[in-house]
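Let me begin by presenting the structure, written as structure tokens, before commenting on it.
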């Protein structure tokens, strides 16, 4: 025994000195220190920079003196560094007492109250203990509640006692059987009882069919269960899965690279074409003699110094349209829609929003997905939106509609492509139905009741909602008269006048410069607007602010009808912060006078044709939305609570 102990001790010493089984063979002859030095050299060869950093850290730690914990380090102010921690704490405590003398007294009172409460809880129970039990200790209260439970539920106590008795009983013998086994078989084991019952079945002949059926059922279940794979089968299965995944990745990368190449080629073609057009224009301008104080583009002279930040009016040329067609990047329907926007065939904000949403439906259904649905759809929408903004600027409502559509696209990314396209189209249809068509009908039902017999209603320009309100009141046989006020160069009031005259409504026409003469007859003013801002002011067709101001001075109520999707969180104090330029040539041309072209005007003269103005909140009496009648001061609340597209 002594020899064996000596050999085991020698082996342990060898392992500690030269390494055990975990040490590689070419290092087993080394000691621990030699191995450590060997591995350290390897690390220095692999990462020479890391070793330098460690040495620099050690040098910094040696050079920097340790901060004195008693007198304070660099974070302590200089006039307190000579103090210890306790002295500084007392110093700051005195400062607090001088600044807030009452606060120290309050803290002392709170501490005393807490100590009293703790003493009560330990001795007689806290505030949660009822008053008639506060004199008892914890054990007395426990016994008291136990007796109450026994009185309320005597059966429950019996059940607990029975459970305890069962636990105390000795366990049944599994070999010889328990109480459920008949008495003449209790001396047998399980196997003996099983053989005994099997012989009885064979003698009687009963139960053979059931045994066969059970065997068949077991065989079916075993056949239905999937067979367990061996190691080789599992390896093959996982190899096939990995191959499929690699093939899918290759296909995806190929499609993604092809899409990138196509986009790059299209962008390069665009740049080349733009450079060629610029060079041609430069050559033309060099050949032509320059006039005094005249720019290359005469439309740029229509901007004054006040409105220079607003984008000028640009009518699309055939060259630009040809470039977009040849690039095959812009959908032909967007080009058609841009021409309608710029020419004024679709002028109102609601009409432009409806046309834009219908265009989005077509673009989403025709898009080809290469990488991800959301990325490809957003790229395609941005491309077409930028083209539309070139020819005419969007309103606040159109930008908010675009934002909501992009949010819907991001939420649908987890679905399949067909399901995602169908869901997007259904959401756009629901938006059109709920926030535009149904909202206009609800506004008409609320607003036509405000028209009373004998009223003279003044209307400015052309509005979809106001047209429906007047027709609804005429259908309900209310006798009233309408005065349509209009202004150049848009002349939108003439369209509304024709529609109302065809319905049989009594109408009269007036220009904007004669409104101060006609306002004496008017009882109510109905106005449709493009946007209602969060400060209560409204952005409408230019001239609405003048109409509202004259009506307010004459004490005539101004009622603004606007669906909730036209509400905006932005604030605008005047019409020069953000606006839009129309065609300046329409201001100069009239039917009864000779047409004057912008090129023939003198160099000092500029023509401005703004399309929108801002009516302040003071000039608005009431706002009608699908949510009801509201004052203009509550627009911010309505934006915050109900504007969830």
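Numbering (full-length UniProt numbering), first residue to last: 1 to 645.
Just so you know, even glycine gets a beta-carbon here, dropped at the ideal spot from N, CA and C.
Item                                                                                                                                                                                         : Value
Is there contact here, the region 429 to 445 with the region 511 to 523, by at least three beta-carbon pairs under 8 Å?                                                                      : no
Can you find the residues in the same chain that come closer than 6 Å, C-beta to C-beta, to residue 174, ignoring five residues on each side of it along the sequence?                       : With a pLDDT of only 49 at residue 174, under the threshold of 50, the placement of this residue in the model should not be trusted, and no figure is reported.
Just the Cα atoms here: how many angstroms apart are residue 149 and residue 155?                                                                                                            : 10 Å
Run the CB neighbour count on residue 424, radius 10 Å, all protein chains shown included, and call it buried at 16 or more, exposed below.                                                  : buried
Using the Cα positions of residue 354 and residue 267, report the straight-line distance between them to the nearest angstrom.                                                               : 30 Å
Give every residue of the same chain whose Cβ lies closer than 7 Å to the Cβ of residue 549, excluding the five residues on either side of it in the sequence, and list them in chain order. : 619
Taking residue 426 as the reference, give the member of 357, 496, 164 with the closest Cα.                                                                                                   : 357
Measuring only the C-alpha atoms, how far is residue 368 from residue 262?                                                                                                                   : 13 Å
Buried or exposed: which applies to residue 565, given that a residue is buried once 16 or more other Cβ atoms fall within 10 Å of its Cβ?                                                   : buried
Pick from 528, 335, 474, 626: whose alpha carbon is nearest that of residue 350?                                                                                                             : 528
Distance, Cα to Cα, residue 491 vs residue 420?                                                                                                                                              : 43 Å
Would a C-beta distance cut-off of 8 Å place residue 483 and residue 508 closer than the cut-off?                                                                                            : yes
Where residue 341 and residue 352 are concerned, what is the direct C-alpha to C-alpha distance, given to the nearest angstrom?                                                              : 8 Å
Whose C-alpha, out of 347, 28, 132, 244, is nearest the C-alpha of residue 493?                                                                                                              : 347
With distance defined between alpha-carbon atoms, name the residue in 417, 383, 414 nearest to residue 646.                                                                                  : Because the chain here runs from 1 to 645, residue 646 falls outside it and cannot be looked at.
Using 8 Å for Cβ pairs, my map puts residue 556 next to residue 505. What's the rounded Cβ distance?                                                                                         : Their Cβ separation, rounded to whole angstroms, is 20 Å, which puts residue 556 and residue 505 out of contact at 8 Å.
So the candidates are 633, 637, 560; which of them puts its Cα closest to the Cα of residue 625?                                                                                             : 560
Is residue 614 closer than 8 Å to residue 539 when the C-beta atoms are compared?                                                                                                            : yes
Helix, strand or coil: which one does DSSP assign to residue 619?                                                                                                                            : helix
Kindly indicate which three-state DSSP category residue 523 falls into: helix, strand or coil?                                                                                               : coil
I'd like the span of the beta strand (DSSP E) that includes residue 436, first residue to last.                                                                                              : No beta strand (DSSP E) holds residue 436; DSSP gives it neither H nor E.
DSSP beta-bridge partners for residue 541?                                                                                                                                                   : 612
Classify residue 727: buried if its beta carbon has 16 or more other beta carbons within 10 angstroms, exposed otherwise.                                                                    : There is simply no residue 727 to check, as the chain begins at 1 and stops at 645 in what is shown.
Rank 525, 467, 472, 521 by C-alpha distance to the C-alpha of residue 498 and give the top, closest one.                                                                                     : 467
Quick check: is the beta carbon of residue 189 nearer than 8 Å to any beta carbon in chain C?                                                                                                : Looking at the structure shown, chain C is missing, and only one protein chain is on hand.
Quick check on the burial criterion: 16 or more other C-beta atoms within 10 angstroms. Buried or exposed for residue 309?                                                                   : exposed
Below 8 Å between beta carbons: does that hold for residue 580 and residue 393?                                                                                                              : yes
Please report the residue range of the beta strand (DSSP E) in which residue 629 lies.                                                                                                       : 628 to 630
Ignoring anything shorter than 4 residues, give me the alpha helix (DSSP H) runs that lie fully in the region 349 to 381, in order along the chain.                                          : 349 to 366
Measure the C-alpha to C-alpha separation of residue 80 and residue 95 and round it to an integer number of angstroms.                                                                       : 14 Å
Taking the alpha carbon of residue 632 as the reference point, which residue from 28, 537, 49 has its own alpha carbon closest?                                                              : 537
Does the separation of the CB atoms of residue 563 and residue 440 fall below 8 Å?                                                                                                           : yes
Identify the residues that DSSP records as bridge partners of residue 528: which are they?                                                                                                   : 561
Is residue 574 helix, strand or coil when you go by DSSP?                                                                                                                                    : coil
Could you spell out where the alpha helix (DSSP H) holding residue 499 opens and where it closes?                                                                                            : 493 to 503
Relative to the C-alpha of residue 622, which candidate in 330, 144, 526 has its C-alpha closest?                                                                                            : 526
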